[in-house]
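Okay, so here's the structure we're looking at.
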Amino acid sequence: MANRLEGIFEQFPNRRREDMIPLLQAIQDQQGYLSEETIKAVGDYLDISINKIYGVATFYDNFRFGPVGKYHIRLCHGTACHVAGAAKLQKELQRLLKIKDGECDKNGLFSLEVVSCIGACGLAPLIEVNEAYHTSLNTASLKQLIDSIREKENAAI
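Numbering that gives the first Met the number 0 puts the first residue of the sequence shown at 0, with every later residue one more than the last.
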């Protein structure tokens, strides 16, 4: 673990408190999520308590604490999306993928994360799949999207 983080730590040689968020982002970019082990290593490196790091990292929706699938789905559940049917989309995603919020499917293909707001309220309801927005969804268009991803993956095998 230390070897994988060494290169990232070298980017933040001053070990300042204000480096915490960019450091966590760099680790997540490299590893896909923040493990307990990496949180501890960051705490040791910056001389900050693990509780403080978790407090900051859990405040922001963009940090993840478990592995994500090849297709990471972020479902917006902000006010506009909620009013436009995000709860129905969440139920449909859970049915289609057989996972719940914060989980990754057994094949590592899909993961689901429900977030408080993506910031595209005029396009509600929406999901983000690997940083690509899919907007104005309903259960039928959501099923079509998931089916098309599965077909693409099956064709690649």
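Where a beta carbon is used, it is the ideal one built from N, C-alpha and C, also for glycine.
Spatial distance of Ile47 from Val41 (CA atoms): 8 Å
Can you look up Phe109 in the DSSP assignment and give me helix, strand or coil? strand
Between Glu112 and Arg73, which are expected to be in contact by the criterion C-beta below 8 Å, what is the C-beta distance as a whole number of angstroms? 5 Å
Based on the DSSP secondary-structure assignment, which residues constitute the bridge partners of Glu127? Arg73 and Tyr132
Are Leu92 and Leu141 touching if we call contact CB-CB under 8 Å? yes
Pairwise C-alpha distance: Ala79 and Glu102: 24 Å
Nearest-angstrom Cα separation, counted from Phe8 out to Asp104: 32 Å
Contacts around Ile52, its chain only, beta-carbon distance under 7 Å, and the 5 residues preceding and following it disregarded: Met19, Ile38, Val41 and Gly42
May I ask you to report which of helix, strand or coil DSSP gives Val114? strand
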